[in-house]
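Our numbering puts the sequence shown at residues 1416 to 1499.
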Amino acid sequence: MPAKIPSRSRGLILQLAFIAASGWLGPASLHAQATLYPNEFPATAVRLLDGPFKKAATLNSKVLLEYDADRLLAGYRKEAGLDE
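Here it is in structure tokens:
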């Protein structure tokens, strides 16, 4: 039966393994790709035709514009310590 490693030591071993893996993988492997797809085009080149998706998008825009901005931001203002 293998010796049982105390949980505190096990946590330290996991932390060291994570640090070692982070250094090994490092920033060299965390580069952003220039483009997602080789045939990208601007969003302004897209036009929705009449149909259920366009109706849903239009309705979504109308509903979002009807929301009160102060009520939407109330939680953030409270967390920041600003007056409500």
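Backbone N, C-alpha and C define an ideal beta-carbon position, used for all residues, glycine too.
- Leaving aside the five residues that flank Leu1463 on each side, the residues in its chain whose CB is nearer than 6 Å to its CB run, in chain order, Lys1469.
- Put simply, the backbone Cα of Ala1435 is about 22 Å away from that of Ala1447.
- Ala1460 and Tyr1482 have their alpha carbons spaced roughly 29 Å apart.
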